[in-house]
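Each protein sequence line maps, in turn, to chains U and P. Per the numbering used here, the very first residue in the first sequence carries number 623; after that it's consecutive. Per the numbering used here, the very first residue in the second sequence carries number 318; after that it's consecutive. To start, the structure under review is shown below, and the notes come after it.
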Amino acid sequence: MTNRDVETQLSDLMAETGEQHVVVSFTLNGTKQTIIVPARTIASDAIRHNLRQTGTHVGCEHGVCGACTILLDGKPVRACLMLAASLEGQSVTTVEGLVEPDGTLHPVQQAFMDCHGLQCGFCTPGFVTTIAAFLEENDAPTQEEATEAIAGNICRCTGYQNIKASVLRAAEIKRERAGEFPLGKDDESSRAALEGKVRGKTNPVGGRAGRA
Amino acid sequence: MKPSPLKYHRPRSIEEACEVLAGVDGKVLAGGQSLIPMLSMRLAAPGTLVDITGIDRLDSITASAESGVTFQALATHASLASNPGANDVQPLLGRTLQLVAHATIRNRGTTVGSIVHADPSAEVPAVLVLLDGSVTVQSVRGRRDIAARDLFLGPLESSLEPDEIAISATVPAARRGVGTAIDEIARRHGDYALVGVAARVEVEDGVVTNARVTYVSAGEFGEVIDYTDVIGGASVSDDRDPLWNVLSEAARKRVETEADIHATARYRSQLVAALTARVVMAAARDGALSLATRPSTLRVDAGEK
């Protein structure tokens with residue numbers, strides 16, 4: 623597309639729709655993308671509708687629930703609280719972009735499976751992106767830090783216990799894959815702590831499966 | 318719901334931004350953590366949006382004992398809260414920012430934006446007033462400083478002219494003998510507080526000489542309430558219960574509370590009473606402690622009282 627084409631397109635769109643459109647170029651999950659959207663388009667909609675990356679979920683649409691959380695240059699932000707136009711020149715990672723090229727799940731995704739960290743799954747992409755970024759800064763969180771890390775995300779299915787367990791389990795998997803002691807530097811005490819906080823909660827919680 | 322149609326500009330300099338904003342019905346977009354939901358819910362429908370996030374070098378944070386902490390328009394809550402210099406020079410700032418929303422929002426939201434948004438349920442405006450801070454604004458007509466006490470006209474209403482852009486804010490450095498504290502009660506950590514309280518207490522020879530308090534989601538927005546008549550002359554090491562009770566009672570009388578979907582006025586009043594006592598006492602202890610720990614080189618004027 624030459625610049626002249628773009629200018630023509632923009633003015634055509636202006637004439638057709640009566641509103642300003644903008645050209646936005648940014649990197650989405652490692653691929654450079656250029657889209658033309660109405661200036662008022664919210665980032666979450668551009669990612670879902672224009673680029674069909676529907677892993678980014680839209681819950682409350684006003685920054686409360688966290689389901690739309692994406693990574694902007696590695697930092698978690700709410701996609702529903704940004705204009706698509708503001709993505710210009712940035713690097714965006716959605717939940718789809720966390721999977722390894724060979725299909726290996728990201729440690730956080732694996733941990734959600736291991737610990738039954740999701741039920742209906744609607745809020746999960748937001749949790750996964752938030753926790754993935756959190757673990758980059760703190761790869762050995764305490765239970766309290768894990769709770770704090772997910773405080774900005776709402777899940778209406780669970781009591782958050784399995785999600786908290788997933789944070790700790792994800793940290794383990796990360797260490798495991800890095801070739802370290804999976805349970806952290808102090809293996810023995812971590813193992814003792816783990817019995818209570820992860821293993822105990824990864825089993826079905828008071829469900830029928832336990833009694834069957 | 319989605320924003321209504323608008324014109325979008327992404328200027329490369331402050332001067333360009335001012336020129337665009339002059340003479341149009343416009344709003345400045347920085348972090349957008351309050352503005353975007355307002356647009357999406359169509360509580361605001363500006364004809365023009367001036368996105369200043371494309372402007373280079375507008376996110377600096379400078380801190381010194383003489384001039385306090387100055388943070389520019391694009392400095393995020395997260396970067397300010399984790400700035401060692403800012404935390405040394407004015408510790409209340411970092412403690413306050415820990416209470417502002419969630420980490421994800423703090424990554425994008427700007428502190429200057431939170432100030433000029435003038436939300437009575439936000440923490441930063443209350444602290445800016447308490448500390449006698451100020452905001453620097455720019456327009457095609459030039460620059461001016463607005464003192465915090467002249468900034469907040471009412472809920473979501475600041476004294477910025479429509480064509481002015483807030484380019485930085487400044488809070489004075491902490492002084493020896495002046496303690497500060499902040500606390501709030503929210504239903505979920507990081508959510509808007511049902512009630513928040515920030516206090517600034519001066520201590521001399523272990524005795525309180527001045528105590529001022531500002532409120533979040535309670536009382537008159539932007540107002541500083543003086544409790545010196547209640548607690549002045551009291552020793553910081555005094556038995557805590559009588560002081561606690563007089564402060565609670567005074568707060569209950571002085572601060573008006575309103576009901577909304579989250580809490581009744583009576584419950585808020587209860588929170589005002591309990592938190593005022595807790596925070597003023599904490600600030601008094603902080604003030605006493607600062608005499609021992611804060612180096613005298615940090616001794617600077619905290620502005621007019």
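For every residue, glycine included, the Cβ atom is placed at its ideal position computed from N, Cα and C.
For P:S438, no Cβ of chain U is located within less than 8 Å of the residue's own Cβ. Where U:H643 is concerned, there is no enclosing alpha helix (DSSP H), although the beta strand (DSSP E) around it starts and stops at 643 to 650.
Burial is judged here by how many other beta carbons sit within 10 angstroms of a residue's own beta carbon; U:P660 has at least 16 and is buried. Bridge partners of U:R662 according to DSSP: none are assigned.
The C-beta of P:D376 comes no closer than 8 Å to any C-beta of chain U.
Excluding sequence positions up to five before and after U:Q732, its CB lies within less than 6 Å of the CB of I795, all in the same chain and listed in chain order.
In summary, U:C702 is buried, with 16 or more beta-carbon neighbours lying within 10 Å of its beta-carbon over all protein chains present.
Contacts between U:I664 and chain P, judged by CB atoms closer than 8 Å, involve K319, P320, I353, S357 in chain order. Straight-line spacing of the CA atoms in P:V337 and P:V367 works out to 7 Å. When only Cα atoms are considered, U:T663 and P:V597 end up about 46 Å apart. Here P:A580 has L511 as same chain residues with Cβ atoms under 7 Å from its own Cβ, once five neighbours each way along the sequence are excluded. Contacts with chain U at 8 Å (Cβ-Cβ) do not include P:K344. In this chain, the alpha helix (DSSP H) harbouring P:D558 covers 557 to 571. Under the Cβ criterion of 8 Å, P:A443 is not counted among the residues facing chain U. Among the CB atoms of chain U, one or more fall inside 8 Å of the CB of P:D368. Using a Cβ distance threshold of 8 Å, U:H684 and P:S357 count as a contacting pair. Per DSSP, reduced to three states, the secondary structure at P:S399 is coil, with no helix or strand assignment. Fewer than three pairs of CB atoms, one per stretch, sit closer than 8 Å, so the segment 387 to 406 of chain P makes no contact with the segment 738 to 756 of chain U. Around P:Q350, the beta-carbon contacts reaching into chain U at under 8 Å are G685, R700, L703. Proximity of chain P to U:K796 at the Cβ level (cut-off 8 Å) is not reached, the minimal Cβ distance being about 19 Å. The Cβ of P:R327 sits closer than 8 Å to at least one Cβ of chain U. Not a single CB atom of chain P sits nearer than 8 Å to the CB of U:Q783.
Residue state for P:D405 is assigned as helix, using DSSP reduced to three classes. Nearest to P:L323 by C-alpha distance, out of U:Y782, U:G640, U:M704, is U:G640. Distance from the CA atom of P:L608 to the CA atom of U:T764, rounded to whole angstroms, is 35 Å. The beta-carbon of U:G801 is placed no less than 8 Å from the nearest beta-carbon of chain P. For P:A380, the enclosing beta strand (DSSP E) begins and ends at 378 to 381. In this structure P:I331 is in contact with P:Q455, their Cβ atoms being roughly 6 Å apart against a cut-off of 8 Å.
Bounds of the alpha helix (DSSP H) holding P:I353 are 352 to 357.
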